[in-house]
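K.L.:
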Amino acid sequence: MILLDPEHIAALTANTTASRAAQEEGKRDPDHVPVVKLFNPIGAATWLATELLEDGDTLFGLADLGFGCPELGYFSLNEISQVRLPFGFRIERDIGFGGIVPLSKWAETARAAGSIIHAQALIRAIAEKEGPAPAGDKPSE
354 MILLDPEHIA ALTANTTASR AAQEEGKRDP DHVPVVKLFN PIGAATWLAT ELLEDGDTLF
414 GLADLGFGCP ELGYFSLNEI SQVRLPFGFR IERDIGFGGI VPLSKWAETA RAAGSIIHAQ
474 ALIRAIAEKE GPAPAGDKPS E
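Shown next as structure tokens:
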């Protein structure tokens, strides 16, 4: 499976551009909604990415290696794609993933819950309870 398709790459690099522009203007960094979720299909490791740097390899987002300590930071797409798991499995992209809320909310919820996986269930439950956003509304970036 290709971990990032052209649409993901475009969205991730657009977020990087927006973050850089905010920094150059002395503004607060945008709080982007995650674009893509990568995961270990036979383990707990999960990554949510919001930005892709110019090198085409370095992603920024929330990383959870399954030890109960999700962290914001940079990670390598190449390294993740090279992981070989038992039974021929590899890291996969969650094709049904929707970020729903900004990365800061993911980080807060994942740290409280102990994992991105548990945070995803909580975030989905809250979103379902609150219902769809009014037309024209979307999470702030």
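Using the numbering used here, you'd call the opening residue of the sequence shown number 354 and step up by one each time. Even for Gly, the Cβ is constructed at its ideal location relative to N, Cα and C.
Short of 7 Å in beta carbon distance, which residues of its chain neighbour Pro359, apart from the five on each side in sequence? Order them along the chain.
P.N.:
For Pro359, where only same-chain residues beyond five positions count, there are no Cβ hits under 7 Å.
K.L.:
CB Thr399 to CB Asn368, shorter than 8 Å?
P.N.:
Against a cut-off of 8 Å, the Cβ pair of Asn368 and Thr399 comes out as no contact.
K.L.:
So, using beta-carbon positions, are Ala397 and Ser457 closer together than 8 Å?
P.N.:
No.
K.L.:
Under 8 Å, do Ile444 and Asn393 count as touching if we go by C-beta distance?
P.N.:
Yes; because the gap between Cβ atoms is below 8 Å, this pair is in contact.
K.L.:
Counting along the chain, where does the alpha helix (DSSP H) carrying Lys390 start and finish?
P.N.:
Taken as a continuous stretch (DSSP letters only), Lys390 belongs to no alpha helix (DSSP H), being part of the beta strand (DSSP E) at 389 to 392.
K.L.:
Taking the alpha helix (DSSP H) that Ala465 falls in, what are its first and last residues?
P.N.:
Its alpha helix (DSSP H) spans residues 456 to 466.
K.L.:
Rounded to the nearest angstrom, what separates Ile433 and Leu412 at their Cα positions?
P.N.:
Answer to the nearest angstrom: the Cα atoms are 11 Å apart.
K.L.:
Tell me the DSSP secondary structure of Phe420 in three-state form.
P.N.:
Three-state result, Phe420: coil.
K.L.:
On the CB-based measure, 16 or more other CB atoms within 10 Å of its CB, does Val389 come out buried or exposed?
P.N.:
Label assigned to Val389: buried.
K.L.:
Could you give the first and the last residue of the continuous beta strand (DSSP E) run that contains Ala402?
P.N.:
Here the beta strand (DSSP E) through Ala402 covers 399 to 405.
K.L.:
Which residues mark the beginning and the end of the alpha helix (DSSP H) in which Leu357 is found?
P.N.:
Where Leu357 is concerned, there is no enclosing alpha helix (DSSP H), given that its DSSP letter is neither H nor E.
K.L.:
So, at 6 Å on beta carbons, what are the nonlocal neighbours of Leu430 in its own chain, with the 5 sequence-adjacent residues on each side left out?
P.N.:
Cβ neighbours of Leu430 beyond the five flanking positions: Asp410, Leu412.
K.L.:
Verify the CB distance criterion: does Arg373 have a CB-CB separation below 8 Å to chain B?
P.N.:
In the structure shown, chain B cannot be found, because there is only a single protein chain.
K.L.:
What did DSSP end up calling Leu425 once you bin it into helix, strand or coil?
P.N.:
In the structure shown, Leu425 sits in a strand (DSSP, three-state: E or B).
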